[in-house]
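Novice: Residue numbers (our numbering), protein chains in the order written: chain L, 75 to 189; chain E, 3 to 113. Every residue, glycine too, gets a C-beta built ideally from N, C-alpha and C. Structure below; questions to follow.
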Amino acid sequence: GAGVSQSPSNKVTEKGKDVELRCDPISGHTALYWYRQSLGQGLEFLIYFQGNSAPDKSGLPSDRFSAERTGGSVSTLTIQRTQQEDSAVYLCASSFYLAGGRGQFFGPGTRLTVL
Amino acid sequence: TQLLEQSPQFLSIQEGENLTVYCNSSSVFSSLQWYRQEPGEGPVLLVTVVTGGEVKKLKRLTFQFGDARKDSSLHITAAQTGDTGLYLCAGRQGGSEKLVFGKGTKLTVNP
Numbered sequence: 075g076a077g078v079s080q081s082p083s084n085k086v087t088e089k090g091k092d093v094e095l096r097c098d099p100i101s102g103h104t105a106l107y108w109y110r111q112s113l114g115q116g117l118e119f120l121i122y123f124q125g126n127s128a129p130d131k132s133g134l135p136s137d138r139f140s141a142e143r144t145g146g147s148v149s150t151l152t153i154q155r156t157q158q159e160d161s162a163v164y165l166c167a168s169s170f171y172l173a174g175g176r177g178q179f180f181g182p183g184t185r186l187t188v189l
Numbered sequence: 003t004q005l006l007e008q009s010p011q012f013l014s015i016q017e018g019e020n021l022t023v024y025c026n027s028s029s030v031f032s033s034l035q036w037y038r039q040e041p042g043e044g045p046v047l048l049v050t051v052v053t054g055g056e057v058k059k060l061k062r063l064t065f066q067f068g069d070a071r072k073d074s075s076l077h078i079t080a081a082q083t084g085d086t087g088l089y090l091c092a093g094r095q096g097g098s099e100k101l102v103f104g105k106g107t108k109l110t111v112n113p
């Protein structure tokens with residue numbers, strides 16, 4: 075399809091395990107964003123990529139969270155030693171750089187549940 | 003502290019009624035966007051407003067950006083059941099690519 079895709083759509087893991095979440099942006103979009111959406115909360119910015127570099131990673135909650143992007147395309151968000159408070163929907167979005175009014179295009183999200 | 007405050011948090015109305023939701027901040031934004039999100043899906047962009055005092059219309063939806071670029075409103079005329087969803091405002095400050103989101107207004111339009 076032509077939209078942003080994320081996998082897996084659902085992930086259940088045990089506390090202390092590592093998880094990897096994947097995002098495939100829209101072809102040609104140079105900017106890629108990760109957000110977290112918890113129950114009752116708005117979208118919380120985590121990190122933004124322009125190409126393969128991350129000019130703004132100010133939203134990553136702790137050093138257990140990391141992300142990378144390769145080939146200016148696919149991105150992976152890794153959470154190490156997961157905690158119950160990491161349970162949330164993780165959303166990825168992509169856009170043209172300096173998208174301005176064109177907005178960000180979001181994927182359907184990965185629902186992460188940490189038991 | 004939430005940078006963008008949305009109100010009301012929940013709104014349940016009958017089909018055909020009008021409604022307004024608000025997005026307020028004490029900070030100035032270079033642009034503000036409204037998104038709509040349905041369960042199990044990511045948010046979808048409705049509109050971007052950039053100029054203070056700007057008004058944009060999208061069919062039955064009217065969006066306004068405050069003169070000081072600190073607040074915005076979304077007005078829906080003659081709501082339909084298809085308008086049901088979570089409405090999110092998001093702002094960009096300065097030249098940052100980062101979007102700051104409000105917590106959203108969950109709208110339910112009953113038949």
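Which word fits Gly54(E), buried or exposed, when buried means at least 16 other C-beta atoms lie within 10 angstroms of its C-beta?
Specialist: Looking up residue 54(E) in the second sequence gives position 52. The residue is exposed, with fewer than 16 neighbouring Cβ atoms inside 10 Å.
Novice: Counting only C-beta atoms, is Phe103(E) closer than 8 Å to chain L at any point?
Specialist: As a working mapping, residue 103(E) is identified with position 101 in the second sequence. Answer yes: the Cβ-Cβ gap between Phe103(E) and chain L drops below 8 Å somewhere.
Novice: Decide yes or no for the touch test of the segment 76-83 of chain E against the segment 4-24 of chain E: beta carbon pairs closer than 8 Å, at least 3 of them.
Specialist: Yes, since at least three Cβ pairs between the segment 76-83 of chain E and the segment 4-24 of chain E fall closer than 8 Å, the two stretches touch.
Novice: Could you tell me how far apart the beta carbons of Asp73(E) and Cys25(E) are, in whole angstroms, since I believe they sit closer than 8 Å?
Specialist: Within the second sequence, numbered from 1, the residue matching residue 73(E) stands at position 71. Within the second sequence, numbered from 1, the residue matching residue 25(E) stands at position 23. About 6 Å separates the two Cβ atoms, so the contact holds.
Novice: Below 6 Å CB to CB, which residues in the same chain sit around Tyr122(L) once its five sequence neighbours on both sides are set aside?
Specialist: The count along the first sequence starts at 1 and reaches residue 122(L) at position 48. These residues qualify, in order along the chain: Tyr107 and Asp130.
Novice: Is the Cβ of Ala162(L) closer than 8 Å to any Cβ of chain E?
Specialist: For the purposes of this step, residue 162(L) is taken as the residue at position 88 of the first sequence. It does not: the Cβ of Ala162(L) has no partner Cβ on chain E nearer than 8 Å.
Novice: Measuring CA to CA, which of Ala141(L), Gly177(L) and Phe170(L) is closest to Tyr164(L)?
Specialist: Here residue 164(L) refers to the residue found at position 90 of the first sequence. Closest option to Tyr164(L), Cα to Cα, is Ala141(L).
Novice: Is it buried or exposed, Asp160(L), if we count other Cβ atoms within 10 angstroms and call 16 or more buried?
Specialist: For the purposes of this step, residue 160(L) is identified with residue 86 of the first sequence, where counting begins at 1. Under this definition Asp160(L) is a buried residue.
Novice: Please name the residue, chosen from Phe103(E), Arg71(E) and Val46(E), that lies closest to Gly87(E) on a Cα-to-Cα basis.
Specialist: Position 85 of the second sequence holds residue 87(E). Taking only the C-alpha atoms, the option nearest Gly87(E) is Val46(E).
Novice: Pick helix, strand or coil for Gly84(E), following the three-state DSSP scheme.
Specialist: Looking up residue 84(E) in the second sequence gives position 82. Helix, per DSSP.
Novice: Is the CB-CB distance between Ala162(L) and Val78(L) below 8 Å?
Specialist: Here residue 162(L) is taken as the residue at index 88 of the first sequence, counted from 1. Here residue 78(L) is taken as the residue at index 4 of the first sequence, counted from 1. No, Cβ-Cβ distance for Ala162(L) and Val78(L) is not below 8 Å.
Novice: Locate the beta strand (DSSP E) running through Ile121(L), then write down its first and last residues.
Specialist: Here residue 121(L) is taken as the residue at index 47 of the first sequence, counted from 1. Residues Leu117 to Gln124.
Novice: Any C-beta of chain E sitting closer than 8 Å to the C-beta of Leu186(L)?
Specialist: For the purposes of this step, residue 186(L) is taken as the residue at position 112 of the first sequence. Chain E, which has no Cβ nearer than 8 Å to the Cβ of Leu186(L), makes this no.
Novice: Excluding the 5 residues flanking Asp98(L) on each side, which residues of the same chain have their C-beta closer than 6 Å to its C-beta?
Specialist: If you number the first sequence from 1, residue 98(L) lands on position 24. If we look at Asp98(L) and ignore the five residues flanking it on each side, its Cβ neighbours are Ser79 and Val148.
Novice: On the premise that Glu94(L) lies in contact with Thr150(L), defined as a C-beta separation below 8 Å, what is that separation, rounded to the nearest angstrom?
Specialist: In the first sequence, the residue the question calls residue 150(L) occupies position 76. In the first sequence, the residue the question calls residue 94(L) occupies position 20. Right, their Cβ atoms sit about 5 Å apart.
Novice: Consider the Cβ of Pro113(E): report whether some Cβ of chain L lies at a distance smaller than 8 Å.
Specialist: One-based indexing of the second sequence puts residue 113(E) at position 111. No, Pro113(E) lies away from the interface with chain L (no Cβ there is under 8 Å from its Cβ).
Novice: When you compare only the Cα positions, how much space is there between Tyr89(E) and Phe65(E)?
Specialist: Taking the first residue of the second sequence as position 1, residue 89(E) is located at position 87. Taking the first residue of the second sequence as position 1, residue 65(E) is located at position 63. So the alpha carbons of these two residues sit roughly 12 Å apart.
Novice: Taking the C-alpha atoms as reference points, what is the distance between Phe31(E) and Pro82(L)?
Specialist: On the second sequence, position 29 is the one that residue 31(E) refers to. On the first sequence, position 8 is the one that residue 82(L) refers to. The alpha-carbon atoms of Phe31(E) and Pro82(L) are separated by roughly 34 Å.
Novice: Ala70(E) lies in the beta strand (DSSP E); which residues open and close that run?
Specialist: Taking the second sequence and counting its residues from 1, one reaches residue 70(E) at position 68. Counting along the chain, Ala70(E) falls outside any beta strand (DSSP E), and DSSP gives it neither H nor E.
Novice: Could you tell me which residues DSSP puts in a beta bridge with Glu7(E)?
Specialist: Locating residue 7(E) in the second sequence gives position 5, where the first residue counts as 1. In DSSP, Glu7(E) forms a bridge with Asn26(E).
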